[in-house]
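Participant: Before I ask anything, let me first share the structure, which is written out below as structure tokens.
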Amino acid sequence: TYVLTGPTQPTNIVELNGFVLFLGYDAVNGGELWRSDGTQAGTYLVKDINPGTASSLTILNYYSVLNNRLYFYAVDGVHGNEGWVSDGTSAGTFLIKDLCPGSGDGYFQNHIVYKNAVYYNGYSPTTGSGVYKTTGVAGDPTLAMNMSWSYIPAIINDTLYFAAYANPTANYQYNYELHC
111 TYVLTGPTQP TNIVELNGFV LFLGYDAVNG GELWRSDGTQ AGTYLVKDIN PGTASSLTIL
171 NYYSVLNNRL YFYAVDGVHG NEGWVSDGTS AGTFLIKDLC PGSGDGYFQN HIVYKNAVYY
231 NGYSPTTGSG VYKTTGVAGD PTLAMNMSWS YIPAIINDTL YFAAYANPTA NYQYNYELHC
């Protein structure tokens, strides 16, 4: 057992392709995505998503893994809270799409892997709130179902379910089925 030097407070460790990705902080880059193979030489910053000392990540709790890539949300200082993907390399770490153009938040929450895609809650001023679908190709999220805000997705008998409010002020939940 040995202690790696590098970022402080490494949290939210995710195994991917024989290495781990995690949220690490340092004085130069703030909170960013780091990678380690368990050795000192193999531990490094993947990408400074939000350049400088500002953090792009404050938590890495909300993530999905599909086809050996990590899907997560981050802020890059230009765009708001948006969906990102990483294969553990700098070149393979990128914004999927600026769903809410500019500094507005497109969100990337309550996501789940289903039939070779990631489904998640998102927001676009063009299409509104809803469940979006991405395969991790830059610019590809599409609106799978328009609804107010959905919560806690589940897969039951090979069907994807989201519980959602039909009206954001209502106290009743409705279940929507996405047959994909």
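Residue 111 is where the sequence shown starts when you use the working numbering, and the numbers rise one by one after that.
Built from N, CA and C at the ideal position, the CB exists for glycine as well.
On the three-pair Cβ rule with 8 Å, is the segment 183 to 191 touching the segment 235 to 242?
Facilitator: Taking a cut-off of 8 Å on C-beta distances, the segment 183 to 191 does not touch the segment 235 to 242, as fewer than three cross pairs fall below it.
Participant: Apart from the five residues on each side of it in sequence, which residues of its chain come closer than 6 Å, Cβ to Cβ, to residue 130?
Facilitator: The residues are 123 and 146.
Participant: Give the secondary structure of residue 238 by DSSP, where H, G and I count as helix, E and B as strand, and everything else as coil.
Facilitator: strand
Participant: Report, in whole angstroms, the separation of the C-beta atoms of residue 207 and residue 246, which I expect to be a contact under 8 Å.
Facilitator: About 10 Å separates the two Cβ atoms, so there is no contact after all.
Participant: In whole angstroms, what is the alpha-carbon distance linking residue 194 and residue 254?
Facilitator: 18 Å
Participant: Do residue 156 and residue 121 have their beta-carbon atoms positioned less than 9 Å apart in this structure?
Facilitator: no
Participant: Applying the 10 Å Cβ sphere with the 16-neighbour rule, what's the burial state of residue 127?
Facilitator: Counting of Cβ neighbours within 10 angstroms places residue 127 among the exposed residues, the total staying below 16.
Participant: May I have the straight-line CA-CA distance separating residue 162 from residue 141, to the nearest angstrom?
Facilitator: 10 Å
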